[in-house]
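Inspection log for the structure reproduced underneath, given as structure tokens.
There are 6 protein chains.
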Amino acid sequence: MNNSVFLAEMTHKEYSEKVAGDNPVVFIPVGAIEQHGYHMSMNVDVILPSAVAEGVAKQVNGIVAPPVVYGYKSQQRSGGGNFYPGTTSLDGSTLVAVIKDILRELLRHGVRKFCLVVGHFENYAFTVEAIDLFLREARMLGVDDARVMAFSYWEFCDDPDVLKALYPGEQESWAAEHGGVFETSMMLYLRPELVNMEAAVLHSSARFPVYDMFPAHKDWTPEPGTLSCPAGSSAEKGKMILDDCVAGITEVVKKEFA
Amino acid sequence: MNNSVFLAEMTHKEYSEKVAGDNPVVFIPVGAIEQHGYHMSMNVDVILPSAVAEGVAKQVNGIVAPPVVYGYKSQQRSGGGNFYPGTTSLDGSTLVAVIKDILRELLRHGVRKFCLVVGHFENYAFTVEAIDLFLREARMLGVDDARVMAFSYWEFCDDPDVLKALYPGEQESWAAEHGGVFETSMMLYLRPELVNMEAAVLHSSARFPVYDMFPAHKDWTPEPGTLSCPAGSSAEKGKMILDDCVAGITEVVKKEFA
Amino acid sequence: MNNSVFLAEMTHKEYSEKVAGDNPVVFIPVGAIEQHGYHMSMNVDVILPSAVAEGVAKQVNGIVAPPVVYGYKSQQRSGGGNFYPGTTSLDGSTLVAVIKDILRELLRHGVRKFCLVVGHFENYAFTVEAIDLFLREARMLGVDDARVMAFSYWEFCDDPDVLKALYPGEQESWAAEHGGVFETSMMLYLRPELVNMEAAVLHSSARFPVYDMFPAHKDWTPEPGTLSCPAGSSAEKGKMILDDCVAGITEVVKKEFA
Amino acid sequence: MNNSVFLAEMTHKEYSEKVAGDNPVVFIPVGAIEQHGYHMSMNVDVILPSAVAEGVAKQVNGIVAPPVVYGYKSQQRSGGGNFYPGTTSLDGSTLVAVIKDILRELLRHGVRKFCLVVGHFENYAFTVEAIDLFLREARMLGVDDARVMAFSYWEFCDDPDVLKALYPGEQESWAAEHGGVFETSMMLYLRPELVNMEAAVLHSSARFPVYDMFPAHKDWTPEPGTLSCPAGSSAEKGKMILDDCVAGITEVVKKEFA
Amino acid sequence: MNNSVFLAEMTHKEYSEKVAGDNPVVFIPVGAIEQHGYHMSMNVDVILPSAVAEGVAKQVNGIVAPPVVYGYKSQQRSGGGNFYPGTTSLDGSTLVAVIKDILRELLRHGVRKFCLVVGHFENYAFTVEAIDLFLREARMLGVDDARVMAFSYWEFCDDPDVLKALYPGEQESWAAEHGGVFETSMMLYLRPELVNMEAAVLHSSARFPVYDMFPAHKDWTPEPGTLSCPAGSSAEKGKMILDDCVAGITEVVKKEFA
Amino acid sequence: MNNSVFLAEMTHKEYSEKVAGDNPVVFIPVGAIEQHGYHMSMNVDVILPSAVAEGVAKQVNGIVAPPVVYGYKSQQRSGGGNFYPGTTSLDGSTLVAVIKDILRELLRHGVRKFCLVVGHFENYAFTVEAIDLFLREARMLGVDDARVMAFSYWEFCDDPDVLKALYPGEQESWAAEHGGVFETSMMLYLRPELVNMEAAVLHSSARFPVYDMFPAHKDWTPEPGTLSCPAGSSAEKGKMILDDCVAGITEVVKKEFA
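Read top to bottom, the protein sequences are chains A, B, C, D, E and F.
Throughout the first sequence, residue numbering follows the numbering used here, covering 747 to 1004 in sequence.
Throughout the second sequence, residue numbering follows the numbering used here, covering 747 to 1004 in sequence.
Throughout the third sequence, residue numbering follows the numbering used here, covering 747 to 1004 in sequence.
Throughout the fourth sequence, residue numbering follows the numbering used here, covering 747 to 1004 in sequence.
Throughout the fifth sequence, residue numbering follows the numbering used here, covering 747 to 1004 in sequence.
Throughout the sixth sequence, residue numbering follows the numbering used here, covering 747 to 1004 in sequence.
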């Protein structure tokens, strides 16, 4: 029908033939519905890992499963906090169950190579837990050769030139990123209609103490909900980031799943 | 930024202002990743209820939350069976948890009018359970005025002219629908690139006994995985169905949530 | 001791010898405690599938396990709604766990042929989920040959003469049945002391829209709680139904578990 | 319809009027399906607490809810062990959920006085847990006046004359009871057709060490599965026990729920 | 490093060599944080089974895993009741999960001989459930040779001389023990700084009816929270108890795990 | 009895009077049983946060609850990996339940100020989830004024002099810490008998790629299990760290809970 890398866009016949034939890596983007400031839509953490997964899948003849759309609760020091209207999150146990169920179903299809592409920092620990429980179940079902890779895609953005372009004069990095130049540039490249740079607010990067309070002090988060300022974002930079991540991930995927 | 009805495409500010101002109905499509024969992609049950929800939301100034992408296990007598590769399903408890968590988060945002748009028959019982548990939790949290509507969108396709166009000579109806003329026509209208009519297989409608066997007798399901034949599908018919469903749902939404 | 087909009425020795010797089908009635109008007791959905199971077990030399007495929440369009006092229901996860645990224990006893006799429409989806989870666990425990049948017993009432007797002039069927002529006749045959026809209320069959509202509009349900009128019920008709169901089920049980 | 004390045998109207009018105590027998030796059926732990509950309910104008039929796993030192075929038990979490769900539903009906009549020793701890979780939920739902009584019914058999009749020469008591003279006599009184004294095996009372081994040493349990010998059982003794228990329980129920 | 029997005080190398070499019994104390009257600290049920486990482990060259510190809810007839401030308890499902997880991890390390040393009566049923679920999981993981012992340590205190010293003139025994002479003497021997005999209150042993009420009648429990009087406690008696328990347990551990 | 800050070492009377009088902060150390190389015991992550909590509690007149002894699974990039024998971890859902139960019980005692002192990096996300679920439950129970602080204690080690002493020439920090100079120094100060510096292995700090593989490549972890080399550790440095952390935490606890 088409040459989509997306499981959802294949027929079951196309999919099962590909799985049976190539033993492909199946990528699962793990996103979130989370506010990303006054200037961006709330599906950033779904769009970005999906684009990264698509890019890598095309390189390695892989398959991209539908993303996990809803993710774990936004934390103040990494995402502004879950108290914003619009941010729509799952309990940890729910997210673990979703990921585990998907992995178990893919295993049933014959898949043995899995790659979780996390697009929302707060998902990571629960993704890891889901993988661990999945592998335990797989062993119970008599399958010993399943192998799973997991990462937060932005950690592969390590090209010095890219980093310098993104963070020219400062010691900033994506460590303080939430709705800043990193994510905004990628969105400008991938889905510009969901970004309104005129609504972006200039503010210095958020500085948090080294502890959390619950309920949160809402005023610790910069008022727009972003943790660093998106000023200077551009589609060009977004492309650089995407290319850097795709290249880096492709390399390790090839190496690990050779 | 844009005038999207989709929560995911709004900023948190746009969303929260709309919720605070209009007390809008929020629609949640509840889909599935399920094989739909040799001629269609596996995201049919996500695309169709999303389109219906979008259509209604535009009529009633509502909001469409991101769909529940993965749904409950396909059953042989309604969807061919869960044994097909590609069909990727959640356990019942997981689906219940996902829907309940989403409802709870929307409640926190201030939403009080909810509408579950089910696009996959097997989801219905678990959607109902999620709603019941959600309302119990809402009461525990001191909220007494939440109201929830739920339906399988196809039940609103009841215009005799539409039904005659779809099922001209026979006693068929959408009761035996899975990948047949109903869904295929809608896909041809909404996402024609995901349909390949040349791969459609002519076969008579599936006839099942009135019981289930587990593990399933795979040969009870027509070989392509569809339960009735998609022959005769057209985008025009798809538009008729969509319009009929949107009109019918709009009417009851207005009536119930006035 | 006796020649009971009921597991509960056997000694463990009688039971284990029968299981070891005959590899019998074990039937599990899955009922509910649910209002059935002003004229009947609330254990209808336990009594009827138990009688059906007993009838079939006697034909196929099977065993009837104790019924699941409490079932899933009554839904308005199939049972009037769960808001009635007296209707006493389990959460979905609880019902799934009960059925799964029973199946796992029977498996431990050596049983490999299971038949779930559902007597309450709302139980069906959760019964299916329990079976699916059970079979997964059975595989984990190294058992591959367990086979499970499931049905709603009334779907086997298909003898045209019986149907004509039950629904003489109209297009009604058991589709709108809840406390109507179908169930009432069976109760009059099986447990007449639990039926008081004088308290039965004449009313036309319930007509529901194709959606649900939660909390329910209580006035959508006919005031007595029945969905169709029990007038015309008789023990004779009840015997016809029971015989028809037992015959039909016996046939498929023999066929499937030969 | 009838004057039954059993919720299951009332119409919803009879039940709701009684609950609204008298604020009655609702009794819930908590039983088990468990082997009781070569001479008795496996429903002993359902029948006996149901009879006790019925007896008390008649004295205090109470209601008896349907029993919890399946209970917790038989333990070797109190019931012989769960390894017997026929003994069909629930996981602890399942039993807790069943009891909690029933209590929550009764609360919804307006009931505020609950009495759990445990008929199987191993159920007790899980019954208590269910009550505790139920009361927490009740508080969350804004109900502060629910009160719950729980006991193992046999602890009310304390009339010295009865005890002397049951255990004439020895230091035995119901502490070592499982399928012995206590339960057997009650069954002979209540359901003699389910007892076959000719199959009863003479053996001395089981003596266990003060620890458990898992998996169990099966040979620690006397071969028939009973822990003390049923010789000397009689319907007359059964009536004495039942009367003694009913009298004692009636007294404390009246006192606590006055 | 040291010759500790405590897993927590070993290096992973010391531990893994011991497990691989000796196939040792691993002991897991299962305690609680529970009030023990005006005269003792709230960690009694952790300290005592840990000391017993240590004593036995030294005799059989075993290993003591870190204790389960928080246990199940105190019950009025065995521990005074959970309504006391300071008593800090887990839900039953949580305690089951903790014990099961620990057993599963030890199994992964290669341990096959497990001994649960319960120090809090109310833990026992949940400990048993955890063991049963663990053994089921072990079988699913392909391990068939795990064996688990469980007991409440005080049941091994059966030396007539010790019992006479503890309960000189009366018919009391540890059956009514909670914060009485048994536990207080052991604490005086093991951790005298946590006992203040001057704060001990003279009172007669608690007498409870044979049923429970929830919420509890707080005044059923003697005011200090102890169920029997600690007067007459001494470190010497504590040593006698400890020695008696260690000796008895050592004997059965050697016998069962030879 | 004593002036302990430890809940476990108080009587219930001492504890309840303190809670009622001072509204104190209650600290809960959240540790783990995890290998820490060839030179240290496996209870490091319990001992260190307990000591920090004790130090702060003494400054602010707080209370230290018993630690959560078993924690979440060790991850390769932060703790070497969970594949080591001896590392004994809980599933995520179990850890969440334990922490939530403890918080709920403390709330019942009247505590409103809570501080989670995390001593094992992998616990953090699950600790946060437990707090979020706890606060939801507290609201359901009608309590709105509970406030919870959480942190990983080592993040408060920020005195430049201390950091220079610990990491003299390099760019290292506690970011790569697991069994290195940071933890080893604290153990040498607090529990020197559990450290054997002679067994410490010289190795360069672990370098991991930015992704995880499951099952882990065991050889990614330095052979002893430590991630950085403990050489140069001293009790003096340990005291500096402890003092720095206690001072920093005391300051924010006073500020937040004034």
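All C-beta atoms, glycine included, are put in the ideal place defined by N, C-alpha and C.
Quantities reported herein were computed from a predicted structural model and do not represent experimental measurements.
- Using a Cβ-Cβ distance cut-off of 8 Å, the stretch 747-762 of chain A and the stretch 833-841 of chain A are not in contact, since fewer than three pairs of beta carbons, one from each stretch, lie closer than that value.
- At a cut-off of 7 Å between beta carbons, P812(F) contacts chain E.
- Within chain A, no C-beta atom comes less than 7 Å from the C-beta of H866(B); the nearest is roughly 13 Å away.
- Residue pairing of M786(A) in beta bridges, as defined by DSSP: V941(A).
- For M933(F), not one C-beta of chain B is nearer than 7 Å to its own C-beta.
- Interface with chain F (7 Å Cβ-Cβ cutoff): P831(E) is included.
- Per the Cβ contact rule, the stretch 884-904 of chain B is not in contact with the stretch 853-872 of chain A (fewer than 3 Cβ pairs under 8 Å).
- Sixteen is the threshold: when 16 or more other Cβ atoms of the shown chains lie within 10 Å of the Cβ of A797(A), as they do, the residue is buried.
- Fully enclosed alpha helix (DSSP H) runs of no fewer than 4 residues occupy 838-855 of the stretch 838-873 of chain D, in order along the chain.
- A896(A) reaches chain F at Y957, D958, M959 and F960, counting residues in chain order whose Cβ is nearer than 9 Å.
- For S898(E), the beta-bridge partners assigned by DSSP are V864(E).
- Note that the C-beta distance between V874(F) and M986(F) is not below 7 Å.
- Exposure of P914(E) is indicated by the presence of fewer than 16 other C-beta atoms within 10 angstroms of its C-beta.
- Taking every protein chain shown into account, the CB of K1000(A) has fewer than 16 other CB atoms within 10 angstroms, so this residue is exposed.
- Ranked by Cα distance from G825(F), the options V864(F), T972(F) and L879(F) are led by T972(F).
- For the stretch 846-862 of chain C, the beta-carbon criterion of a distance under 8 Å to any beta-carbon of chain E is satisfied by none of its residues.
- Of all alpha-carbon atoms in L841(E), V857(E), A993(E) and F1003(E), the one lying nearest the alpha-carbon of E800(E) is that of A993(E).
- Counting other Cβ atoms within 10 Å of its Cβ, L948(D) stays below 16 and is therefore classed as exposed.
- For L973(F), the secondary structure class from DSSP, reduced to helix, strand or coil, is coil.
- Taking a Cβ-Cβ cut-off of 7 Å, G767(C) has no neighbours in chain B, whose nearest Cβ is about 24 Å from it.
- Interface residue (Cβ-Cβ distance to chain C less than 7 Å): Q805(D) is not classified as such.
- A residue is called buried once 16 or more other Cβ atoms fall within 10 Å of its Cβ, and A766(F), having fewer, is exposed.
- When only Cα atoms are considered, Q781(F) and T757(E) end up about 7 Å apart.
- Classified as buried, D791(D) has 16 or more neighbouring CB atoms from the shown chains inside 10 Å of its CB.
- When rounded, the separation of the alpha-carbon atoms in I779(B) and V815(B) is 7 Å.
- Close partners of L887(C) in chain E (Cβ separation under 9 Å): R882, R885 and M886.
- Relative to the Cα of F880(B), the nearest Cα in the group P955(B), E851(B) and P770(B) belongs to E851(B).
- Taken through DSSP and simplified to helix, strand or coil, Y761(B) comes out as helix.
- Within the stretch 869-880 of chain C, Y870, A871, F872, V874, E875, I877, D878 and L879 place their CB atoms closer than 8 Å to a CB of chain B, listed in sequence order.
- Apart from sequence neighbours up to five positions away, the residues of its chain that approach G838(B) with a beta-carbon distance below 7 Å are Y818 and F872, ordered along the chain.
- Cβ neighbours of D958(A) within its own chain (closer than 8 Å, five residues either side excluded): Q821, Q822 and R823.
- Listed along chain E are M959, each with a C-beta nearer than 7 Å to that of E1002(D).
- Distance from the CA of A922(A) to the CA of E901(F), rounded to the nearest whole angstrom, comes to 16 Å.
- Between V810(F) and F773(F) the beta-carbon gap is near 5 Å, inside 8 Å, which marks them as a contact.
- In terms of beta-carbon proximity, G777(C) stays away from the interface with chain B, with every pair separated by 7 Å or more.
- Ranking L887(A), R882(A) and D878(A) by CA distance to the CA of R882(C) puts L887(A) first.
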